[in-house]
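Residues 0 to 159 in numbering that gives the first Met the number 0 are what the sequence shown spells out, letter by letter. For glycine and all other residues, C-beta sits at the position ideal for the given N, C-alpha and C. Below is one structure, written out as C-alpha cells; the observations come after it.
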Amino acid sequence: MKKQIINECRISFPSLSVNESYARTVTAAFAAQCDPTVKEITEIKTAVSEAVTNAIVHGYRGCVGKVELLLRQYSGGLIYITVRDKGAGIADIEQAMTPLFTTASEEERSGLGFSVMSSFMDKVSVKSAPGKGTSVTMEKRISCRASAEELRREPAGQVS
Ligand SMILES: Nc1ncnc2c1ncn2[C@@H]1O[C@H](COP(=O)(O)OP(=O)(O)OP(=O)(O)O)[C@@H](O)[C@H]1O
Ligand SMILES: [Mg+2]
C-alpha cells in the first residue's frame, strides 16, 4: 500500500548552536500531532538533536551555513525526518557510523551520535560527499493514537 503524506513541514536555519534547541522543539511539536508517548517523542527529539549538532559542528566547522530540516508524517504513524547541510561532507560513511569513531576527540566528542540516532529510530540512512554536504534521513513508526481523520479535521484558524 502506498504511503500517504498527512503533514509536512520544512524549516531552514543558520548553523548556530542556539538553533539546535530550536530544531529539537519544532520536531517535538510536529511529532506531537499524532499523540506519541513521552518516550517516543524524547527519542525523536534526541535523534534530531544529534543530527543537527553534527551539521553544525562537523558540517560547518569554522563557518556558518544553512541547515535544512524536513519533517513528514505519513499514515500509520510513520515519522520521516531529514537533516541536510551543504558543508564538509563525509568521505567514509561506514567508518563515520561506527560506534566511538570521531574526528573531534580533542573536543571531547565521543563518536556516539550516529549510534544514538540508530538506536532511537527504526531506520537511519546517510548520503554524503566530501565538499558537497550531508543528508541524514531517519524514520520511526510511532504508536499513533490519533487517526488520520482526526489529524485532518479542522483547518487552522477555524473556530467551531
Ligand atoms: N554533517 C556532518 N558533516 C561532516 N561530518 C560529519 C557529519 N556528521 C557526522 N560527521 C562525521 O562523523 C563522525 C561521527 O559522528 P557522530 O555523531 O557519531 O560522533 P561525534 O559527533 O564525533 O561525537 P558525538 O556525537 O558523540 O558528540 C564525526 O566525528 C564526523 O567526522
Ligand atoms: Mg555527533
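Residue i versus the options, residue with shortest Cα-Cα distance
| i | options | result |
| --- | --- | --- |
| leucine 111 | Ala22, Thr97 and Ile10 | Thr97 |
| phenylalanine 119 | Met137, Ala87, Tyr73 and His57 | Met137 |
| glycine 86 | Thr52, Gly132, Gln3 and Lys1 | Gly132 |
| threonine 81 | Val56, Ile55, Val125 and Lys1 | Val125 |
| valine 56 | Ile141, Arg108, Lys139 and Lys2 | Arg108 |
| asparagine 53 | Lys139, Ser127 and Val37 | Ser127 |
| glutamine 72 | Ile5, Ile141 and Arg140 | Ile5 |
| alanine 22 | Gln32, Lys38, Thr45 and Thr36 | Thr45 |
| valine 17 | Val66, Phe29 and Arg83 | Val66 |
Check: residue i C-beta below 7 angstroms from any heavy atom of ligand 1
| i | result |
| --- | --- |
| asparagine 53 | yes |
| arginine 71 | no |
| glycine 76 | no |
| glycine 58 | yes |
8 angstroms Cβ shell around residue i - same chain, five flanking residues per side excluded
| i | result |
| --- | --- |
| proline 129 | Ala87, Gly88, Ile89 and Ala90 |
| valine 230 | Outside the shown range of the chain (0 to 159) lies residue 230, about which nothing can therefore be said. |
Residue i beta carbon near ligand 2 (any heavy atom closer than 7 angstroms)
| i | result |
| --- | --- |
| cysteine 112 | For the record, residue 112 in the displayed sequence is glycine; it is not cysteine. Glycine 112 Cβ: within cutoff of ligand 2. |
| arginine 23 | no |
| glutamate 49 | yes |
| arginine 83 | no |
| arginine 108 | yes |
Contact set for residue i: own chain, Cβ-Cβ below 6 angstroms, skip 5 residues either direction
| i | result |
| --- | --- |
| tyrosine 59 | Ser14 and Gly86 |
Opening and closing residue of the beta strand (DSSP E) in which residue i lies
| i | result |
| --- | --- |
| glycine 132 | 132–140 |
| valine 66 | 65–73 |
Within 8 angstroms, strictly: CB atoms of residue i and residue j
| i | j | result |
| --- | --- | --- |
| isoleucine 10 | leucine 77 | no |
| serine 48 | lysine 2 | no |
| threonine 26 | isoleucine 43 | yes |
| leucine 70 | glutamate 7 | yes |
Residue i, enclosing alpha helix (DSSP H) - first and last residue
| i | result |
| --- | --- |
| glutamine 94 | 92–95 |
| lysine 38 | 37–53 |
Ligand 3 heavy atom lying under 7 angstroms from the CB of residue i
| i | result |
| --- | --- |
| glutamate 138 | Here the bound small molecules are ligand 1 and ligand 2; ligand 3 is not part of this structure. |
7 angstroms CB neighbourhood of residue i in its chain, flanking five on each side removed
| i | result |
| --- | --- |
| glutamate 19 | Ser48, Val51, Thr52 and Ile55 |
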